[in-house]
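Residues 168 to 1226, numbered by our numbering, are exactly what the sequence shown covers, in order. Backbone N, C-alpha and C define an ideal beta-carbon position, used for all residues, glycine too. Note that this is a predicted model, so its numbers are computed, not measured. Presented below is the structure to which this report refers.
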Amino acid sequence: MMTSQEFPSSDTKKEISCRVTRTLLMYVRENNDGTLGHLLDGLSLDEAYLSDTHHWVSHAFLQKLYKRMLDLLGDEDAVYKMTLASERYRSLGLLDSIVRLMGNPKLIYSQAPKYNKLLKRNGSVIIHDIGNTWVLLEDRYHESGQKTRFDCDYTRGVIAGIPTLFGLPEADVEEIECQVAPEIYGMRAWPDNPRQGCTGCLYRVSWRRGFKPSLWKRTFKRRQYYQEAIEELQESNRLIQKKYEETRRLAAQLDQANQQMIAQQKQMEAQAKALIASERQYRVLADNVTDVIWILDLATLKFDYISPSVERSRGFTQEEAKALSLEETVSKMSLDEVTAILTEELAQDGKAGVDPQRSRTIKIQETHKDGTYSWAEVTVSFVRNEAGQPTAIMGVTRDIAERMLAETAMVESEAKYRNLFVNGSDLLGIHDLEGTLLETNLPYKTQYGWREEDLVGVNIRDLVPDRLKPEFDHYLERMIRHGTDEGHFRGADKFGHDVILEYRNTLIYDSDGNPKAVQCAARDVTDKIRAEKALKESEEKYRELVQYAPAGIYELDLQKIRFISVNDVMCDYSGYTREEFLNLDPYELIAEESRETAAKVLHDVFSGQSNPDSAEYKIRGKNGREFWVLVNSKIFFNNSVPARSMSVVHDLTAIRQTQEEKRKLEIQLQNAKKLESLGTLAGGVAHDLNNILSGIVSYPELLLLDLAPDSPLRGPLQAIRESGEKAAEIVQDLLTLARRGVAARKITNLNEIVADFLKSPEYRHLVSQNSRIAVDTHIGPDTLNMAGSILHLSKTLMNLVANAADAMPSGGLMTIATANSYVDKVHQGYEPIPEGEYTVLEVSDQGIGMSSSDLERIFEPFYTKKSMGRSGTGLGMSVVWGTVKDHDGFIDIQSEEGSGTTFKLYFPASRSENEITAPVYIEDYLGNDESVLVVDDAPSQRDLAARMLQRLGYQVHTSESGENAVSRIKKQVFDLVVLDMIMEPGMDGLETFKQMRQIAPSQKAIIASGYSESERVREMQRIGAGSYVKKPYTLEKIGLAVRKELDRNNNARSTDRVS
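Structure (structure tokens):
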């Protein structure tokens, strides 16, 4: 027999006895051709369970059966009729026999409250009043909201059918008050009875008295009822005895199982300890994951566990989240979905082929503590007891709010691109590998006349003129071969007009990498090509004349102010292509300072002047380059209105540069004459002035030594000495200008010059007088030495710093820096800086800057921008110029008004003291008389490398170009070549090495350059060159590089030759 534990507890809740369901099943079979039809399909309880009068079902389950019976039989009164039929079915068993023994309906009605408990437990029956042929009876449910009209029909059927047990007609049942629908029936009461105030359904039942049978019949009938009752009791006793035997057998099995359980107790206790430790580990894991892990009890639908991560994701603490019901945890929509899925899974559970370990993933909206909702992804599975029955649900919830936003954005993006597909100006589509259209926006372009149904299954080849069909076939071949193709497609619209499309198409591949279709993008260029053709025909008239002219020529439409035509020379001038030039706004071509001139010329033209004078304009090219041109124009009129102009343009760049260089040379010549005149004067008086100043400076110092510390003469004498020292400094500046002030040079370093200056009293005094100026220093590492005068270099630095401080009256940042610099090409700065190796002193400020006119005069003697009353002789910057020139150096200046100034002084570098200071390491890279060829177009660098390598013990040969080096390789064997990367003119290092390798495939070489490592350097190394040495050279760097390359594969020597 099936027990209630085999079914879900919600359906087997003890509310309604299966005596009722047994009657229902019998009634359905009787009225449905002996079958139950679909009555029990999909329900959790089967016929065997529902026919056993010892079982119970829930009130809700019975309502399902009622509804299915009505649907199956098509009779709205089926519940009432079913209840009346129970007398014929004897479906109440022993109870039926006992009732019949009573022999009187009144007795049965009086015992109705007791008998009701045998049929239902969710309600009660109350007798308010009773007579011989009537009774006032109330049927009350514990929860009034549960009662349905089916329950009313069942109750009416029961109380109406009692008289039929005794062969009497059905009782007359009148419902006075209804628990189900008082809003329908109102406040009903009998006229001859006061309202009872019932909380259930109130019935007045009346029946007719039957004729009293004879004593023999009553005795016979009662005996028959007794006999039936005895038989029922005997059958019940037999079943009880059977249950007793089963109980004894189960008790014996239970005792045996108990002994086994005692034996397993110790083992379980040991396992429990391990389980507790394991549970701790899993709880630590669950408590620290980002996702929320939870367990929901199926019996109570309450949370047994929720991981702490719920507080991060939803704002609830663990306890707050556990206290929430399902309704409070998810939105109404998600609750409905979850309920439906749970019902489905429970219904499927246990069926053949259904995996008990299955899981399911859904999206829900979960609540947050602040009252908002967010999307989450939940993966759930059943937790089962030892019998395999689901007892709980374990779930993992992951916040997918960001993913949902991304999916929403993707949908919006898809809609946006779909809109572009439909409404974009270009033609888009996809065709298969044979050319059949799969998708296109062509039907949305009404100008072509095609409708969507016209293009279904159409091959593009059918839209191509016959003479061009082979070209379309070639196009398909190119697509398959190259994966992309672009060009012009000639077809026709639906009206037969020619259409020219400019296309760029790409293959689409499937997941296996095989081509499956072609993605197309095309633009209608029919009008454009026709316009280009017309333009080409127009240009042919002037091409020979204009194309070969030695000057720039263009035509200008004076009504639309746009270019009509242009020759190659004008395009070369401006840097624009012909198409770019013709689409250019003419005003954009003219630099700002020449637009006023252009406007005046146009004004003169529209005032009637047919041949305006030649004019010079500054033009701005495509790359931002500005240059001067001379323009001669001829105006053409239409009805006395200027229509167009033809202009001839000559580039004045070379002329202007020559004029500018001439102007600068003239200024430099004037400055040189001034300096020469000043030097002549200074040379004539400096000796006498120094003799005079010697007494003024020296005698006060001697006198001070003899005076007492508190002598009143000490102050005046110190003032005399300081004045003499300042006068001596001025004389020294004059000698510098006279080119006589530089003493014998010695090897020094700009880093030391700067360091000593920062410690000097002059610097400290300058800082104290300019407290709002901050000084930052950037001293370059390994700054090269130079030959020079420390005194004059220090004086130069002092003048630059003082000049920077004067330029920042409101404060700011001053920077003093040193660095090495190798100039590979002539640098055009304030003055040209030739190729060479330099050590650089830089002083920059954030001050007021200088205008171009000030820059031209900055080094003039006595030229100053200081206001009256401020210190300064006007010789400071002249001394800077003189000192730099005396040291064979160069000056570069970068300045702009309001943006500060930067001075860079370039001094020739010296390596006189750049020797290895640790001789112990030199043995690592000494030579063994190997032959080395140094190739460099710079004599100084070539000589420097040769001297270093000779000192290291190599036989050194030199070459001034790549071509010369290649010719020498043909005649002589060299163990190694030192190749300069950049050599002009002629071959660079890479090309030289390639040609050397053609002659001597094993030729070794290293690379040298003043530039950073480039792709050409790396290419040279890939084909066999060795180390890369960055200039400036040091003995250690070049020595190690040469030694390393010679020792690499040292068995191979460059003696092989390719003839």
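Identify the residues that DSSP records as bridge partners of residue i: which are they?
i: Gly596; result: Thr607 and Cys687
i: Tyr472; result: Ile462
i: Thr673; result: Thr651 and Gln686
i: Lys234; result: According to DSSP, Lys234 bridges with nothing at all.
i: Phe924; result: Its beta-bridge partners do not exist; DSSP assigns none.
i: Lys1198; result: Bridge partners of Lys1198: none, in fact.
i: Ile1058; result: Leu1072
i: Thr290; result: It should be pointed out that residue 290 corresponds to Gly in this sequence rather than to Thr. DSSP lists Tyr308 as partners of Gly290.
i: Gly719; result: Val816
i: Ile1174; result: Leu1146 and Tyr1195
State the DSSP-derived secondary structure class of residue i, mapped to helix, strand or coil.
i: Arg939; result: coil
i: Glu581; result: helix
i: Arg527; result: strand
i: His817; result: strand
i: His226; result: helix
i: Ala782; result: strand
i: Asp1147; result: strand
i: Gln532; result: strand
i: Asn799; result: strand
i: Phe483; result: coil
i: Gly1065; result: coil
i: Tyr370; result: strand
i: Arg823; result: helix
i: Ser548; result: strand
i: Ala810; result: strand
i: Lys913; result: strand
i: Asn283; result: helix
i: Ser1077; result: strand
i: Val477; result: helix
i: Glu601; result: coil
i: Gly1049; result: helix
i: Leu874; result: coil
Using CA atoms only, rank isn't needed, just tell me which of the options is closest to residue i.
i: Ser548; options: Lys248, Leu509 and Val1046; result: Leu509
i: Pro682; options: Ala698, Leu668, Val623 and Ile647; result: Ile647
i: Ser211; options: Thr179, Asp1053, Val187 and Val195; result: Thr179
i: Arg288; options: Gly624, Ser184, Ser526 and Ala1076; result: Ser184
i: Ile1173; options: Met1154, Asp1155, Ile1166 and Ile1205; result: Ile1205
i: Arg570; options: Lys530, His598, Glu606 and Leu958; result: Lys530
i: Gly624; options: Ser1066, Lys801, Glu606 and Phe794; result: Glu606
i: Gln532; options: Lys695, Ser956, Asp973 and Glu494; result: Glu494
i: Lys1198; options: Ser1176, Lys1211 and Asn1216; result: Ser1176
i: Gln524; options: Thr546, Tyr540 and Thr534; result: Thr546
i: Asp665; options: Leu630, Gly680 and Ala971; result: Leu630
i: Leu303; options: Glu342, Glu310 and Ile329; result: Glu342
i: His295; options: Glu305, Trp301 and Leu286; result: Glu305
i: Tyr370; options: Pro330, Arg323 and Arg811; result: Arg323
Are the C-beta of residue i and some C-beta of chain B separated by less than 8 Å?
i: Val772; result: Considering every chain present, this structure includes no chain B. It has just one protein chain.
Taking 7 Å as the cut-off, is the C-beta of residue i nearer than that to any heavy atom in the ligand FAD?
i: Lys1052; result: Although the ligand FAD was asked about, the structure shown includes no ligands whatsoever.
Those runs of the alpha helix (DSSP H) which lie wholly inside the segment 605 to 657 and span at least 4 residues:
636 to 649
Whether or not the segment 975 to 995 and the segment 933 to 945 are in contact is what I'm after, with contact meaning three or more pairs of Cβ atoms, one per stretch, closer than 8 Å; do they touch?
As far as the Cβ criterion goes, the segment 933 to 945 touches the segment 975 to 995, which means the pair count is three or higher.
Identify every run of the alpha helix (DSSP H) within the segment 931 to 1007, keeping only runs that are complete inside it and at least 4 residues long; order them along the chain.
957 to 973
Validate contact between the segment 1057 to 1073 and the segment 1002 to 1018 using beta carbons, cut 8 Å, 3 pairs
Touching, yes, given that three or more Cβ pairs across the two stretches are closer than 8 Å.
Quick one: complete beta strand (DSSP E) runs, 3+ long, within the segment 1112 to 1142?
Along the segment 1112 to 1142, the beta strand (DSSP E) occurs as fully enclosed runs of 3 or more residues at 1122 to 1126, listed in sequence order.
Could you check whether the segment 461 to 471 touches the segment 558 to 571, counting it as contact only if at least three pairs of C-beta atoms, one from each stretch, sit closer than 8 Å?
yes
Quick one: any contact between the segment 480 to 495 and the segment 571 to 583, if contact means 3 or more CB pairs under 8 Å?
no
Okay, do the segment 1089 to 1099 and the segment 1016 to 1028 touch, 3+ Cβ pairs below 8 Å being the bar?
The way I'd put it, the segment 1089 to 1099 doesn't touch the segment 1016 to 1028; fewer than three beta-carbon pairs between them come closer than 8 Å.
Three or more C-beta pairs closer than 8 Å, one from the segment 1119 to 1133 and one from the segment 1102 to 1110: is that the case here?
yes
Does the segment 668 to 687 come within contact of the segment 650 to 659, defined as at least 3 CB pairs closer than 8 Å?
yes
On the three-pair Cβ rule with 8 Å, is the segment 497 to 506 touching the segment 590 to 599?
Counting C-beta pairs with one atom in each stretch, the segment 497 to 506 and the segment 590 to 599 have fewer than three that are closer than 8 Å, which means they do not touch.
Taking 8 Å as the threshold, find out whether the segment 290 to 299 comes into contact with the segment 275 to 282 through three or more Cβ pairs.
They touch, by the three-pair rule.
Does the segment 986 to 1003 come close enough to the segment 962 to 975 that 3 or more CB-CB pairs lie under 8 Å?
no
Would you call the segment 764 to 783 and the segment 798 to 806 touching, i.e. three or more CB-CB distances under 8 Å?
Pairwise C-beta distances place the segment 764 to 783 in contact with the segment 798 to 806, as three or more of them are shorter than 8 Å.
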